Amino acid sequence: MFLLTLFTRIVILAIAAVSLNFILGYGGMISLGHAVYLGIGGYTVGILAHHGINSGFVQWPIALGLSALFALVTGALSLRTRGVYFLMITLSFAQMVYFLTVGLDKYGGDDGLTIYKRSTFAGLVDLSDKVAFYYVCFAILLACVLIVWRMSQSHFGVVIRAAKSNDRRMQALGISTYRYRLAAYVIAGTMCGLAGVLLANHTDFINPEMLSWTRSGDLIIMVLLGGLGTVIGPVGGTVAYLVLEEALSGITEHWQIVLGPFLVLMALYRRGGIAGLLSWSRRD
Amino acid sequence: MILFLEQFLNGLQFALLLFLLAAGLTLIFGIMDFVNLAHGSLYMVGAYFAATFTRWLNSFVLGVLLALPAALLLGVVLEMLVIRRLYSREHLDHVLATFGLILFFNEAARLVWGAAGLTLPLPSFLSVFLEVLPGVPYPAYRLTIIGVGLLVAGVLYYLVQHTRIGMLIRAGAANREMVGALGVNINRLYTIVFGVGACLAALAGVMAAPILTVQIGMGENILILAFVVIVIGGIGSVRGAFAASIIVGVTDTVGRAYLPEILRLILSPTGASTAAPALSAMFIYLLMASFLVVRPEGLFPAPGGRK
Amino acid sequence: MMKSLLGALAAAALLATPAVAQQKVKIGFVNTFSGPNAAIGIDERNGFELALDHLGRKMAGLDVEMLYEDDQMKPEVGKQATEKLIQTHKVNFLTGYNWSNVLLASLKPAVDSQTFLISGNAGPSQIAGELCSPWFFNASWQNDQTPMALGEILNRKGVKTLYVLSPNYAAGKDMAAGMMRTFKGKVVGEEYTRWPGQLDFSAELSKVRAAKPDAVFVFYPGAAGSQFFLQYAQAGLKGQIPLYSVYTTDAITLPQIKDVALGSISTQQWVQDLDNPVNKRFVAEFRKKYGSYPSYYAAQHYDAAMLINSAVVAAKGDLSKKDEMRNAMRKADFPNTRGKIRFNHNHFPIQNFYAQEVVKDAQGGFTMKTLDVVFKDHSDAYASKCPMKW
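Structure below.
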């Protein structure tokens, strides 16, 4: 049933948006290369499956580990920069991996690679059952939202948010914002890697497009639509973006001519995105 | 050796196309602190204009010449309608708005010109080849691109270094508030800069069109490289954009040309051919990342530092 | 009273039949309708539509409903379009699929849902071999076959050294591999260019000139093909080093390249001037309806439509009888622009391959002329890897 497929995709991308919101919304770190973690997670699953390793118990930890490692190394370098330079350097790391996947001739390169068997979990759950898979993704989304919420309320989250508004003051207080930021970045990267694992299982297919900078741009838009710095915001933003895309493309194949100016207007008049709109109307 | 020189010329040609695009981008970013993702759309629209006007007027030269003021007009209108309202906003809003503009322009182009794209055929006097190196006929058109690129670089250099408006541009890149405080009409300056940037982007699109054909979304790929160029060159510096375009353009072309042979020693031919362009592209991003970590201001940073 | 009873019965009968006539043959058509190669998708659609016209837009008395989707030349978009056609529109047949990489990404959804997929163009080696499926039929050719015929021609012409240029995707690699299977000379250069983005071949052409081969072999379908031929001439190589190609000069690109392609030789499983009644009717009516020569793309899709029709007719319109439809298709008993073909056990055709040359026609336009039969009843090289038996 097509709706189930759509909702599953929304849930998976919402996980990615939630992870991006943690560093972008709360931490003010604008990454234009976040989709790289979708790719790292997805390609790990795809490559291992290609070699006959289908067990989720093997694939998923490796995928998450690689995502975390990549986030640690690139984050350590990127977080030495700020603002637009951070944007560009996260972009460049993502592009490097993008071109790496394009260059992997053995794993399809630009043509991509079909995954013939989804991750198996020794019979605990059958991911090729669409309904079961949806519930798994939904459960993971709930868990991620919970994690982000707890973190944002904790000392860790307070530091991150304070560092966004006034980094110098935090440093004057003797807090090494760099270490906090790096930790946040690694957590966000790992979470997005998990989204990538789910995405690969969902589409039964991996290709470099998963990592392209336009994908990263889509994620930023979903976060912005939902409102920065709120826990539920990114979920709302993802729902809005994907539903809008699906609905508009049903009406006309030229839907982007409506979406485009809509985004422009959002940029001109937004104050907190959808979550902001909701609280604004409540304030009234 | 001759082959290397020929590849070098190919690289130079690509570098100058990149420069045309990067020059506008770096000025807009440097003066107005505006992240313009829609710069690639201006490139695309320029190409579409040229293809259409050439068809209507049945003349390549007239079509090309008419496309430039048309693109300038579009740039000015865009600036006044949309861009101007975003200067005071943060970069994130720039990204959101210009991303929306990309979608809009792509779809508008599809509606106006159809989904299949257009071709811009060369007139016969440009389809000949000239023997620039002994025994090496090189397409005259590509030499034209090199010539135009160098000419524009020269004009821009003169403009920025030796005229009043150039002085305002350099000052604005270094300290925006001061320039405003000195009583200069900032709005007009910004509109002019954006318009010139749009014109340069359109020129790049026009020059590229006969080789690469005109299609929806043609600006996206080259835009990313243009961003790499302005970061390496130093945001706000036309000189930097020039130096960096040469580095990036020549590296990409020469890398694509020679890397397969080196790789064939370790990989199969299809593997080498797949890996080579990927590696040379990766290298360019590696270069940018290194610059960002070691020397984020770029090769020719704007004096007075950026905030 | 009798009259009104009869009237009521008749009315009831009339009300009953629409429920049966309601059933349609739904065919999903996934192809490229945007970007520089939209012309190919349009040509293929035209070929298919012409066949439907010839069939009276009905198969076994059922109306045919066509659902067209754009793959934008991207595997993931084609895959999603395929899934949408299967899940939302519940199509009975899938067809189209011009690009091998799009087909490879879209095969699994079709096979998983047990929907017949008739490829109108793409013929990747993997699907001819280990990925062969009872749900897949190829109405065109296997990627390697045509270039194998070209390799044979190169041998006959005494070409000793060859430079190979091909795009870096599934079909591009198959084409080069196929040619090198039969070519006996030495390959002095082998380059796979970026696909589909790269339309500027200046770097590669410089290398060709430096290598000084006896001949150059290329495979550049669509817009890249016209670009390549034009740049080849611009680089001064035309007339110096002969250019051999497969699927690069066709009815779509020739009007753009014109004189530059005159005299160039290629191989194909179908040429416009093939002398059989189905083809003659096809070419004549295509020209009348669309005002241009049909390409091999269009011819293949004409055949694909006829193949699907043979299946529906054999099942007498009962689209749930999938085994019967498959058996009918395996018989390959359908009007064919190539004359007569058979299917191999991997569901790929066994057919002739011809050498053809670009010539000027009586009206000053450009078209292809058959020169020679290179292979007769040729099977592809991957059939042995396919475990299917019937």
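Protein chains in written order, with numbering that gives the first Met the number 0: chain A, 0 to 283; chain B, 0 to 306; chain C, 0 to 389.
No residue lacks a Cβ here, since even glycine has one placed at the ideal position from N, Cα and C.
Keep in mind that this is a model prediction, so the values were computed, not measured.
Interface partners of residue i on chain C, CB under 7 Å
i: residue 296/B; result: Per Cβ cutoff of 7 Å: no residues; residue 296/B is ~32 Å from chain C at best.
i: residue 244/A; result: Neighbours of residue 244/A on chain C: none; closest Cβ ~12 Å, over 7 Å.
i: residue 5/B; result: 205
i: residue 126/B; result: 233
7 Å Cβ cut-off: residues of chain B touching residue i
i: residue 42/C; result: Correct list: empty, because the minimum Cβ distance to chain B is about 12 Å.
i: residue 110/A; result: In chain order: nothing, as chain B lies at least about 10 Å away.
i: residue 68/A; result: The contacting residues do not exist; residue 68/A stays about 17 Å from chain B at best.
i: residue 38/C; result: 115
Min CB distance residue i to chain A below 9 Å
i: residue 189/B; result: no
i: residue 209/C; result: no
i: residue 129/C; result: no
i: residue 240/B; result: no
i: residue 298/C; result: no
i: residue 87/C; result: yes
i: residue 100/C; result: yes
i: residue 13/B; result: no
Enclosing beta strand (DSSP E) for residue i [first to last residue]
i: residue 368/C; result: 365-377
i: residue 156/B; result: Taken as a continuous stretch (DSSP letters only), residue 156/B belongs to no beta strand (DSSP E), being part of the alpha helix (DSSP H) at 139-161.
i: residue 195/C; result: Run containing residue 195/C: none; DSSP gives neither H nor E here.
i: residue 94/C; result: 92-95
i: residue 155/A; result: No beta strand (DSSP E) holds residue 155/A; the alpha helix (DSSP H) holding it covers 154-164.
i: residue 242/C; result: 242-244
i: residue 129/B; result: 128-132
Cutoff 6 Å; reference residue i; Cβ partners in own chain excluding five residues on either side
i: residue 117/A; result: 126, 127 and 200
i: residue 62/C; result: 23
i: residue 148/C; result: 266, 352, 373 and 374
i: residue 166/C; result: 192 and 194
Opening and closing residue of the alpha helix (DSSP H) in which residue i lies
i: residue 302/C; result: 295-313
i: residue 185/B; result: 185-211
i: residue 260/B; result: 237-262
i: residue 27/B; result: 1-31
i: residue 220/B; result: 217-232
Residue-level contact to chain C via CB, residue i, 9 Å cutoff
i: residue 4/A; result: yes
i: residue 268/B; result: yes
i: residue 123/B; result: no
i: residue 1/A; result: yes
Beta-carbon neighbours of residue i, restricted to chain A and to distances below 9 Å
i: residue 107/C; result: 113, 114, 115, 203 and 204
Chain B within 9 Å of residue i, Cβ atoms only
i: residue 32/C; result: yes
i: residue 167/C; result: yes
i: residue 172/C; result: yes
i: residue 241/C; result: no
i: residue 230/C; result: yes
i: residue 29/A; result: yes
i: residue 125/C; result: no
Neighbourhood of residue i by C-beta, 8 Å cutoff - its chain only, sequence neighbours within 5 removed
i: residue 158/A; result: 169, 174, 176 and 179
i: residue 132/B; result: 1, 4 and 5
Neighbouring residues, chain A, relative to residue i (Cβ below 8 Å)
i: residue 226/B; result: 87 and 90
i: residue 375/C; result: Neighbours of residue 375/C on chain A: none; closest Cβ ~33 Å, over 8 Å.
Sequence-distant residues of the same chain with beta carbon closer than 7 Å to residue i, five excluded per side
i: residue 171/B; result: 30, 178 and 188
i: residue 228/B; result: 17, 21, 240, 243, 244 and 247
i: residue 160/C; result: 184, 185, 187, 212 and 213
i: residue 90/A; result: 31, 32 and 212
Closer than 7 Å at the beta carbon, the chain A residues around residue i
i: residue 277/B; result: 98, 99, 101 and 102
Interface partners of residue i on chain B, CB under 8 Å
i: residue 202/C; result: 6, 9, 252, 255 and 256
Query raised in the report: According to a CB-to-CB cut-off of less than 8 Å, which residues of the region 78-97 of chain A neighbour chain B?
Result: Those residues of the region 78-97 of chain A that come within reach of chain B (Cβ to Cβ, closer than 8 Å) are 79, 80, 82, 83, 84, 86, 87, 88, 90, 91, 92, 94 and 95.
**Report entry** Selection of the region 280-294 of chain B by Cβ proximity to chain A, strictly under 7 Å
**Finding:** 280, 281, 284, 285, 287, 288, 291 and 292
Query raised in the report: Got a sec: which bits of the region 112-133 of chain A sit with their beta carbon under 8 Å from any beta carbon on chain C, in order along the chain?
Result: 113 and 115
Query raised in the report: Name the residues in the region 256-271 of chain A whose C-beta lies less than 9 Å from a C-beta of chain B; which are they?
Result: 256, 257, 258, 259, 260, 261, 262, 263, 264, 265, 266, 267 and 269
Query raised in the report: What residues from the region 178-200 of chain C come within 8 Å of chain B, judged by C-beta to C-beta, listed N to C?
Result: 189, 190, 191, 192, 193, 196, 198 and 199
Query raised in the report: When Cβ atoms are compared, which residues of the region 88-114 of chain B fall closer than 8 Å to chain A?
Result: 88, 90, 91, 92, 93, 94, 95, 96, 98, 99, 100, 101, 102, 103, 104, 105, 106, 107, 109 and 110
Requested in this report: Determine which residues of the region 44-58 of chain A have a Cβ less than 9 Å from any Cβ of chain C, and write them out in chain order.
Outcome: none
Query raised in the report: For the region 214-232 of chain A, which residues have a beta carbon sitting closer than 7 Å to at least one beta carbon of chain B?
Result: Along the region 214-232 of chain A, the positions whose C-beta sits under 7 Å from a C-beta of chain B are 216, 219, 220 and 223, read in chain order.
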